[in-house]
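Colleague:
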Amino acid sequence: MYSTLYSKSPIPRNTENPLLYEKNPSYDILLLMKDTPLIRQYNEIKKQYPDKIVLFRMGDFYETFGEDAKITSKILNITLTKRNKNEDQTPLAGFPYHALDQYVPKIIESGKCAVIVDQLEDPAQAKGIVRRGVTKIITPGTLEATDEQSGKSRKIVSIVEKKGRYGICVVDIYTGMLQVIEITKNQSELRNIIVSYEPSEILLEEEGSIRLSENIPVQLIDKSISKKDKSEDILLNHFKVHSLHSLGLDNEPVKISTIALSLHYIKETQQIDPQHIKKVQIVDQKGRMILDESTIRSLELIPHLTVTNSDNSLYSIINETETSMGARLLRSWLLNPLTEKKPILERQKRVDVYYKDYERTLETKKILSTVNDIDRLASKIGLSRITPKEFIALKDSIEASLQIIENEKLEESLDKESLKEIVDKISKTISKEAPHLISEGNIIADNYNQEVDE
DNA sequence: AACGATAGGGCCATAA
DNA sequence: TTATGGCCATATCGTT
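Okay, structure coming up:
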């Protein structure tokens, strides 16, 4: 079985598309020539990802071989070597596993994607060589942002063209947000929407008709995924519903295809079912303005990369947000201004309350400053990548949010009771001083389980 | 501050 | 035939 993340056609593929993120080198220089059990295992995986860097876990090291080794040694500035002093051995470059997080972003920055291959069984019990497999694929849109600045999150945008219409699906895998938009076929409007979302990565159907000229990485997805039956299956399965009606997606083939593309890609790259993506937000064009790129630029709404460090954008000037959730919200409010009177007045009314009562503003800010990125922490549960310490941070953040809701007497359509339940459950289960690493122990709270206490 | 052992896989050469 | 020791990327720790 081939991965559906790249073309099965002879490589290099789709050369007339100038946007192609990576050009595939040809097969023969990719696969390693020697024939040992390990090389066979490696080639089996490598041939599925000819255009990506395969980081192959060998004991305490992630190693790259062959062409990959030549590339990584350059972009990571590490030594290119060979297994033995023997001439004519396969090139090798590697780093210890604990340094993964510092090298992967460099790979992404250089325009490559990284395929993480881990050991899948206990080496002690393995007969022959240990079983290995892909556990994660890191791409521009799935890299966990290290720089939290300006509330910018990494978004993946997929685009499908069908029957003279464009479907656009925007996903942020670290907050679990999924939005879908459908417009009539219009290149410049498509462009404006893409730019306004600032995607880190764009997904297109393989052999599709869409041509873009933005300087944004593109991944081509197997065209079978966006076919009618397949895409409907993907949605029904993912959202665990019996009909598309309950998602508000009756008779919406364009939206469905686009969403399927995104869900499929996330599943493939994360090697996990993205359960934290729970709902589809259908964004209609009414009620919000789509600003084009030059407007955003000339109004200086948000900071953009310039040679100078001057940043006089509206966002930077009015940004008094305390949390990254707030920063994200402010950013999206600026980029997609309201157009209808009623919601505008409601928003102003709320701002006015804080404007007139500064004491109250300070108090709320103080509480908010203790709140972590709840969206992101919650998503980490969905991705099975939360640490004990983060559980505690999540609990504290929810508690603080409940405090604010109480203070402000906000009558949001929030289920406060179940939130309190979650807080209660976490504090009963996980110890207050829970460490970052599971291996450090001291995770389970006292009095939760007698056997563990002892 | 500079060095050295160490980490854990698999391959290969050499020895028993 | 099987057992053993050297090798090989870098970060981190412990010792001078």
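Residue numbers for the first sequence follow this note's numbering, so the first one is 17 and each next one is one higher. Glycine included, each C-beta is placed from N, C-alpha and C at the ideal position.
(1) Taking the C-alpha atoms as reference points, what is the distance between residue 60 and residue 138?
(2) What does the alpha-carbon distance come out to for the pair residue 234 and residue 218?
(3) Are the CB atoms of residue 312 and residue 351 nearer to each other than 8 Å?
(4) Identify the residues that DSSP records as bridge partners of residue 276: which are they?
(5) May I have the straight-line CA-CA distance separating residue 373 from residue 131, to the nearest angstrom?
(6) So residue 72 and residue 146 are in contact, right, with Cβ under 8 Å, and what is the actual spacing, rounded?
(7) With DSSP as the reference, please indicate the residues paired to residue 255 in a beta bridge.
(8) If you reduce the DSSP assignment to three classes, tell me which class residue 194 lands in.
(9) Measuring only the C-alpha atoms, how far is residue 464 from residue 401?
(10) Measure from the alpha carbon of residue 255 to the alpha carbon of each residue in 371, 240, 245 and 275, then state which is nearest.
(11) DSSP state of residue 217, grouped into three classes?
(12) Looking at the secondary structure, which residues open and close the alpha helix (DSSP H) in which residue 439 lies?
(13) How would you write the range of the alpha helix (DSSP H) that residue 57 sits in, first residue to last?
(14) Which whole-angstrom value describes the C-beta separation of residue 292 and residue 149, a residue pair presumed to lie in contact below a C-beta threshold of 8 Å?
(15) Can you say whether residue 280 is buried or exposed, counting buried as having 16 or more other CB atoms within 10 angstroms of its CB?
(16) Here's the rule: buried if 16 or more other CB atoms are within 10 angstroms of the residue's CB, otherwise exposed. What is residue 16?
(17) Which residue marks the beginning of the alpha helix (DSSP H) containing residue 341, and which one marks its end?
(18) Please classify residue 105: does DSSP put it in a helix, a strand, or coil?
(19) If you compare alpha carbons, which of 371, 304 and 297 is closest to residue 194?
(20) In angstroms, rounded to a whole number, what distance separates the CA positions of residue 228 and residue 335?
(21) Curious, which full-length alpha helix (DSSP H) runs of at least 4 residues does the stretch 69-96 contain?
(22) If residue 81 sits next to residue 48, beta carbons under 8 Å apart, how far is it from one beta carbon to the other, in whole angstroms?
(23) Considering residue 148, what are the terminal residues of the beta strand (DSSP E) in which it resides?
(24) Quick one: using the 10 Å Cβ neighbour count with 16 as the cut-off for buried, is residue 305 buried or exposed?
(25) Between the Cα of residue 459 and the Cα atoms of 431, 405 and 240, which residue gives the shortest distance?
(26) Would you please state the rounded distance, in angstroms, between the beta carbons of residue 271 and residue 342? I believe it to be under 8 Å.
(27) Taking DSSP's pairing of strands, which residues face residue 177 in a bridge?
(28) Consult DSSP for residue 363 and reduce its assignment to one of helix, strand or coil.
(29) Give the range of the alpha helix (DSSP H) segment to which residue 2 is assigned.
(30) Straight-line CA distance for residue 69 to residue 84?
(31) With a Cβ-Cβ cutoff of 8 Å, do residue 486 and residue 172 count as a contact?
(32) If you follow the beta strand (DSSP E) that residue 134 is part of, which residue opens it and which one closes it?
(33) In this structure, how does DSSP classify residue 392 when only helix, strand and coil are distinguished?
(34) Measure the CB-CB distance between residue 216 and residue 157 and report whether it falls below 8 Å.
(35) Could you check the C-alpha separation between residue 375 and residue 415 for me, to the nearest Å?
(36) Tell me the rounded alpha-carbon separation between residue 93 and residue 153.
Modeller: Result, derived from the coordinates:
(1) 21 Å
(2) 5 Å
(3) yes
(4) For residue 276, which the question treats as bridged, DSSP gives no partner whatsoever.
(5) 52 Å
(6) About 12 Å separates the two Cβ atoms, so there is no contact after all.
(7) Bridge partners of residue 255: none, in fact.
(8) strand
(9) 23 Å
(10) 275
(11) strand
(12) 432-445
(13) 53-62
(14) Actually they are not in contact, since the Cβ atoms of residue 292 and residue 149 sit about 23 Å apart, beyond 8 Å.
(15) buried
(16) The displayed coordinates of the chain run from 17 to 470. Any statement about residue 16 would go beyond what the structure contains.
(17) 340-351
(18) coil
(19) 297
(20) 32 Å
(21) 82-91
(22) 6 Å
(23) 148-154
(24) exposed
(25) 405
(26) Actually they are not in contact, since the Cβ atoms of residue 271 and residue 342 sit about 29 Å apart, beyond 8 Å.
(27) 182
(28) helix
(29) Beyond the ends of the chain as shown, which are 17 and 470, falls residue 2; an answer cannot be given.
(30) 6 Å
(31) Outside the modelled stretch of the chain, which goes from 17 to 470, sits residue 486, for which no answer is possible.
(32) 130-135
(33) helix
(34) yes
(35) 21 Å
(36) 22 Å
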